[in-house]
Amino acid sequence: MKNVAVIGAGTMGNGIAHTFAQSGFKVQLIDISEASLKKGMDTISKNLDRMVAKEAITEAQKQETLNNITTFTDVTEGVEYASLVVEAATENIDLKLKIFKQLDRDCPDDTILATNTSSISITQIAAATSRPSMVIGMHFMNPVPIMKLVEIIRGYNTSDEVTKIIMDMSKSLGKIPVEVNDYPGFVANRILMPMLNESIETLYNGVAGVEEIDTVMKLGMAHPMGPLQLADFIGLDICLSILNVMYEGFKNPKYAPCPLLVNMVRAGKLGVKSGEGFYDYSQSKKAEKVAKQFLK
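Position 34, counted from 1, in the sequence shown is what numbering that gives the first Met the number 0 calls 33; the numbers after and before it change by one each time, with no gaps.
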């Protein structure tokens, strides 16, 4: 399995493409937007430059990695010879179902179809195909080239053979795969998102300010970044989407998103990618300045 197609050239997609290409796989990076493909390839190149500067790889290895990636705007053409497809499109169930129906139609019969979804049911996605035993979740963590964990999520019909192939492949990427079952949020986000949501509730209820909440969790719990900073980094829209999936899946009020989170997403305050969330990123991508609305 040396030909891997990646659907989506955004943050997760280009990171996944980078990781496979650096491990010697031939990667077909697919996005409907030429601009997104260019931006994705520029990001990969910059990340490789950082690795060269740190002497983690050589200039020759950087060029080899880039040479392993071919870009496509046509899905049918991009997946023609793929042994594995990893979908990393927007976290939207309707879009994912549409993509997997097309992949099922266009891919060779023996192609394994994986999704990088962080919360949506693998079983539901697999049901949109004629090969549910060959559909699996590969939930990479951001930033993909650095983070070791990959959640491997078995759908209701995912075969043992496919699971073993993907577990072994993940190890070949230098990752540590962990097999989990198909329930809303899986493991990572089922535990993480309620914590982030409770942090937002704590701010919403006036218990403490943005910096105070993050400082408590960094110093008291040894977290590398505070929960509000982490929510900004993930994207508040993504956090809201995952919480909604979990709330709908479990019908448990503990997963209901905080009204403050809902309003911030409605207002377009999405975190780092929009320039403002709980922190102001207009001058720096680092969480150094609390957003104006949260200043005391």
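The C-beta atom is built at its ideal place from N, Cα and C for all residues, glycine as well.
Cα-Cα separation, residue i to residue j
i	j	result
Ser169	Thr122	21 Å
Ala55	Arg49	9 Å
Ile43	His17	6 Å
Gly77	Asn2	10 Å
Ala59	Thr214	42 Å
Nearest-angstrom Cβ-Cβ length linking residue i and residue j, presumed shorter than 8 Å
i	j	result
Leu202	Leu227	7 Å
Val84	Leu102	6 Å
Ser198	Ile175	Not confirmed; about 27 Å, so no contact.
Thr72	Ile31	6 Å
Ala127	Leu96	5 Å
Pro142	Gly14	6 Å
Phe293	Gly208	7 Å
Ser132	Thr157	6 Å
Asn196	Leu260	7 Å
Ala113	Ile164	So it is not a contact: roughly 10 Å between Cβ atoms.
DSSP-derived helix/strand/coil call for residue i
i	result
Lys272	helix
Gly136	strand
Pro176	strand
Ala52	helix
Val149	strand
Val244	helix
Ala59	helix
Gln27	strand
Asp159	helix
Val78	coil
Ala4	strand
Own chain, CB closer than 8 Å to residue i, minus 5 neighbours either side, in chain order
i	result
Thr162	Ile135, Ile151, Arg153 and Glu178
6 Å CB neighbourhood of residue i in its chain, flanking five on each side removed
i	result
Asp279	Lys288 and Ala290
Asn188	Ser117, Ser118 and Ile241
Asp236	Val264 and Leu269
Glu275	Lys268 and Ala290
Cut-off 7 Å between Cβ atoms - residues of its own chain near residue i, not counting five sequence neighbours on either side
i	result
Met140	Met146 and Leu148
Ala255	Tyr246
Phe249	Pro183
Met303	As displayed, the chain neither begins before 0 nor continues past 295, which places residue 303 out of reach and without an answer.
Glu200	Cys257
Met192	Gly184, Cys238, Ile241, Leu242 and Met245
At least three beta-carbon pairs within less than 8 Å, the stretch 266-276 to the stretch 224-244: The stretch 224-244 and the stretch 266-276 touch, with three or more beta-carbon pairs separated by less than 8 Å.
Contact the stretch 19-28 vs the stretch 54-70: 3+ CB pairs below 8 Å: Segments in contact, yes.
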